[in-house]
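For the sequence shown, this note's numbering gives the first residue as 4, with consecutive numbering after it.
No residue lacks a Cβ here, since even glycine has one placed at the ideal position from N, Cα and C.
These notes concern the structure reproduced below.
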Amino acid sequence: MHKLWLQSFSNEMPLLNSPEEVARWELSQFHDASFSVCLRPEMGDGFEIDGDIITGGPTGVLYGAYTALFSSLTGKKHLKMRSEPAYRLRMLDFWDNLDGSVERGYAGRSLFFDHGGLHYDPQRIRFLARLLASCGINAVCINNVNVLFEAQRLMEDLLPDVAELAGLFRPFGIRLMLSCDFALPIRHGLPTADPLDQTVQDFWRSIAEKIWNAIPDFAGFVVKADSEHRPGPFTYGRSHAEGANMLGDAVEPFGGVVVWRAFVYNCQQDWRDTTTDRPKAAYEHYMPLDGAFHDNVLLQIKNGPFDFQVREPISPLLLSLRKTHLALEFQLTQEYTGHQIDIYSMPGLFSETFAQIPRGQLSAVAAVANIGRDDNYVGHPFAALNLFAYGCMAWQPDLSPRQVTELWCHLTYPSLSASCEEKLVQLLMDSREIYEKYTAPLGLCWMVNPGFHYGPSPDGYEYQSWGTYHKADRNAVGIDRTAQGTGYVLQYPPEIQKRYADPAVCPDHLLLFFHRVPYQAVMSDGRTLIQRIYDDHFEGCEAVDAMSQTLCQIAPSLPEDDSRVCLDRMEKQKLNAREWRDVVNTFFHRLSGADDAKGRKIYD
Ligand code: GCU
C-alpha cells in the first residue's frame with residue numbers, strides 16, 4: 004500500500020477509538036523519540052510541544068503528535084512551540100457519485116461508493132483518515148455537490164452505511180458532511196421545496212434529526228443551489244439567505260452548519276450578450292445579502308471569480324463581505340490544471356490567496372479532493388503535495404510554499420539525497436508557472452477543450468453559453484473589465500482596484516483578465532503583447548523538456564512505482580505542452596499576422 008507522506012510511519016494501526024489513542028499509538032511507534040501526551044480538553048484543536056511533552060485538546064494531541072513526529076523526522080528535536088489552527092473548519096469536498104464515478108476525478112474511481120451504494124475498503128479509508136488528520140483536515144464531505152438522483156439516498160436508506168463510514172473517520176478527529184439536494188422534499192412527495200413553507204421546514208428538521216441520531220458528530224450540509232441547473236430557492240422566488248437559513252435552522256439544534264456555495268452565475272448566457280460579465284455574478288448576488296445569513300451558515304466562495312482557472316484574481320466577494328461567515332474553496336483535483344498528468348503544484352496559489360485575505364475574514368477553508376482509488380490515492384505521486392500543503396496551510400496559512408514543499412518531499416521520499424531532494428523541490432516550485440506559460444496566456448482563462456478541460460481549444464468556449472469569452476480578433480484580445488468596460492474591477496476595495504485597473508501596474512499574469520490589449524501594445528519589459536505570448540509558449544514548452552530531464556535524474560532514486568508513473572505522465576505532459584504551444588501560437592499568429600521576432604517555428 005502506498006503511504007504517501009506517511010512513508011516512515013508504521014503500516015498496521017490497530018483499531019483505535021479516539022484521536023488521543025491514535026496520538027499515543029503513533030508516538031509509540033517511533034523508538035528514537037519518546038514523547039508523553041497530556042490532555043487539556045479546553046485546548047480543542049490546539050497543542051503545545053515542550054521538548055518531549057505534548058499537551059493539547061482532545062484533537063489537539065493528535066495534531067501535536069504528527070507535528071512532533073514530522074519535526075523529528077526532519078531532524079528538528081526539542082521543539083518548543085504552541086499552535087492552533089487559523090480556521091476552525093478545514094474541509095475536503097469529494098465530488099464522488101454513488102455509481103463509483105468521480106466528477107472531475109483523475110485518481111481512479113471513488114474510494115467510498117460503487118454500484119449505487121457505499122462500497123469501500125475499510126483499511127484504505129482508515130489510512131486516508133490518518134493521512135488527512137496528519138495534515139490537519141477535520142471534515143470530509145463525501146458526495147458530489149451535484150447531488151445526482153440516487154445520492155439522495157445517503158440521507159435515507161443508506162444512512163446507516165454512512166454512519167458506519169463516519170465511525171472510521173471519527174478516531175482521526177474527522178467529521179462527515181453530506182451534499183444535499185435542495186429539492187429533496189419533492190422526492191418525498193411534498194408539493195414544494197419552498198424554504199418558507201412550514202411542511203418543508205418540518206421535513207428538513209426531521210431529516211436532520213435522523214442524521215444526527217445516526218451520526219452524533221455529523222458536521223453539516225454542503226449545498227449547491229441555483230447553480231448549473233441545480234434546484235434552489237430561486238424557483239420559489241426566495242433569496243439564497245432564505246434558502247440557506249431554512250437549512251441552517253434545521254441543523255441548528257444539533258450544532259450543525261450549512262455550507263452554502265456561492266458559485267452562482269448564468270450558465271445559459273448568449274455569447275452575443277455583452278452586458279453580462281460572468282465574474283461579476285457572485286458579488287452582485289451575495290453582497291446585498293451580507294448580514295442576512297444565520298450564524299451557522301457559511302458562504303463557500305471559490306478562490307477566483309470564474310472557476311479554478313490556471314490564474315485568476317482573488318474573488319472580490321472574499322474581501323468584501325463583512326457580516327457573513329465565509330469559507331474559501333480551492334480545487335485540488337486538477338480539472339483545469341493538467342488532470343494530474345501535468346505537474347502543477349499549488350502551495351504558491353494557497354499562499355498568495357491567503358496572503359490577500361485579512362486575518363479573521365474567513366471561518367473555514369474547503370478544497371475539492373484530488374483523491375480516488377488509485378494505489379497512490381492521487382494519480383500522480385506529486386499531486387499528493389497539493390493535498391498535504393492544503394491541509395498544512397489551512398492550519399497555518401503563512402507557511403511558505405518552499406517550507407511545505409520541502410517538508411512533503413522529505414517525508415514522502417526520506418531516502419532521497421540532499422541534492423535530489425533540492426532538485427525535486429525546485430521542480431515542484433516551478434511547475435505552476437511553467438504550466439501557466441504554455442496554456443492560456445496572461446490570465447485569459449479557459450481556452451481548454453470544452454467539457455473535458457484538458458488540452459487546448461482557443462475558441463472552444465467562445466460561442467458557448469458559459470460566459471467565458473476572450474474575444475480575440477485581429478487587433479486585440481481580452482475583456483476590458485475596468486470602469487470603462489464591464490466594471491468588474493469596481494467590485495474590489497479601492498487600493499486593489501487601482502492596481503488592476505491600470506494596465507501599467509496590473510501584474511502581467513492578470514493583464515488579459517482585466518484588459519483588452521492590442522497585440523502590438525508594449526508591456527512593462529519592452530516586449531509587445533504578441534511577442535510575450537509567443538515567448539511564454541516557447542519557454543513553457545522548453546521548461547517542460549528541462550523538467551523532464553530533471554525528473555530523469557531523480558527518478559532512479561524514487562520508489563519504482565512512483566518513478567514509472569512520473570516518467571510515463573511526463574511523456575504525456577510533454578505532448579500536451581507542445582500541443583498547447585503550437586495551437587495557441589498558431590491561433591494568435593493567424594489572427595494578428597505578427598511574426599515571432601526570434602523566427603521560431605509557428606505553424607500556419
Ligand atoms: C465546475 C466543474 C463542475 C462542477 C462545478 C462546481 O464548473 O466543471 O464539474 O460541478 O465547477 O464547482 O460546482
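Count the other CB atoms within 10 Å of the CB of residue i; is the residue buried (16 or more) or exposed (fewer)?
i, result
"L18", "exposed"
"R85", "exposed"
"A142", "buried"
"P404", "buried"
"P22", "buried"
"Q556", "exposed"
"M180", "buried"
"K501", "exposed"
"A71", "buried"
"Y69", "buried"
"N269", "exposed"
"Y653", "Nothing in the structure corresponds to residue 653, since the chain is present only between 4 and 607."
"N579", "buried"
"Y466", "exposed"
"D53", "exposed"
"D160", "exposed"
State yes or no: is the C-beta of residue i nearer than 8 Å to some heavy atom of the ligand GCU?
i, result
"K501", "no"
"E159", "no"
"F311", "yes"
"S422", "no"
"N634", "The chain is shown from 4 up to 607; residue 634 falls before or after that span and cannot be answered."
"W8", "no"
"H232", "no"
"R190", "no"
"R264", "yes"
"K577", "no"
"R281", "no"
"K426", "no"
"H456", "yes"
"E315", "no"
"V371", "yes"
"W449", "no"
"V148", "yes"
Locate the beta strand (DSSP E) running through residue i, then write down its first and last residues.
i, result
"L445", "Careful: L445 lies outside any beta strand (DSSP E) and carries neither H nor E."
"F237", "First-last for F237: undefined, no H or E at that position."
"L157", "Looking at the DSSP string, L157 is not in any beta strand (DSSP E), and its letter there is neither H nor E."
"Q334", "328 to 334"
"D53", "50 to 53"
"A142", "142 to 144"
Kindly indicate the opening and closing residues of the alpha helix (DSSP H) around residue i.
i, result
"V165", "162 to 172"
"V586", "563 to 595"
"Q556", "532 to 557"
"V254", "243 to 254"
"F130", "125 to 137"
Verify the CB distance criterion: does residue i have a CB-CB separation below 9 Å to chain B?
i, result
"G463", "This model lacks chain B altogether; it includes just one protein chain."
message: In chain order, what are the residue ranges of uninterrupted beta strand (DSSP E) at least 3 long that sit wholly in the stretch 15 to 43?
response: 39 to 42
message: Could you tell me which whole alpha helix (DSSP H) segments of length 4 or greater appear in the stretch 258 to 322?
response: 284 to 289
field: Inter-stretch contact at 8 Å, needing at least 3 Cβ pairs: the stretch 86 to 95 / the stretch 365 to 373
entry: yes
message: Does the contact criterion of 3 or more C-beta pairs under 8 Å hold for the stretch 5 to 13 versus the stretch 406 to 414?
response: yes
- prompt: Would you call the stretch 479 to 491 and the stretch 450 to 460 in contact, with 3 or more CB pairs under 8 Å?
  reply: no
- request: Quick one: which unbroken alpha helix (DSSP H) runs of 4-plus residues sit fully inside the stretch 172 to 232? Chain order, please.
  value: 187 to 190, 201 to 217
- prompt: Are the stretch 287 to 298 and the stretch 196 to 208 touching by the rule of at least three beta carbon pairs closer than 8 Å?
  reply: no
- prompt: Along the chain, which unbroken stretches of the alpha helix (DSSP H) at least 4 residues long are found entirely within the stretch 56 to 92?
  reply: 63 to 76
Any 3 or more C-beta pairs closer than 8 Å across the stretch 433 to 447 and the stretch 561 to 571: no
message: Threshold first: 4 residues or longer. Then list the alpha helix (DSSP H) segments lying entirely within the stretch 503 to 529, N to C.
response: 514 to 517
- request: Determine contact between the stretch 494 to 505 and the stretch 373 to 387, defined as no fewer than three beta-carbon pairs at a distance below 8 Å.
  value: no
- request: Tell me the start and end of each unbroken alpha helix (DSSP H) in the stretch 354 to 428 that is at least 4 residues and wholly inside, in chain order.
  value: 387 to 398, 404 to 415
- prompt: Are the stretch 378 to 396 and the stretch 467 to 477 touching by the rule of at least three beta carbon pairs closer than 8 Å?
  reply: no
query: Taking contact to mean at least 3 C-beta pairs separated by less than 8 Å, is the stretch 419 to 429 in contact with the stretch 161 to 173?
result: no
query: Does the stretch 151 to 159 come within contact of the stretch 40 to 52, defined as at least 3 CB pairs closer than 8 Å?
result: no
query: Are the stretch 251 to 263 and the stretch 212 to 227 in contact at 8 Å, needing three or more beta carbon pairs?
result: yes
message: Using a Cβ distance threshold of 8 Å, determine whether the stretch 243 to 252 contacts the stretch 295 to 309, with at least three qualifying pairs required.
response: yes
field: Validate contact between the stretch 185 to 203 and the stretch 30 to 42 using beta carbons, cut 8 Å, 3 pairs
entry: no
message: Threshold first: 4 residues or longer. Then list the alpha helix (DSSP H) segments lying entirely within the stretch 428 to 488, N to C.
response: none
query: How do the stretch 580 to 589 and the stretch 537 to 556 stand: do at least 3 beta-carbon pairs fall below 8 Å, yes or no?
result: yes
query: How about the stretch 57 to 68 and the stretch 111 to 126: do they share at least three Cβ pairs that are nearer than 8 Å?
result: no
task: May I ask you to verify whether the stretch 333 to 348 touches the stretch 506 to 521, counting CB pairs closer than 8 Å and requiring at least 3?
output: no
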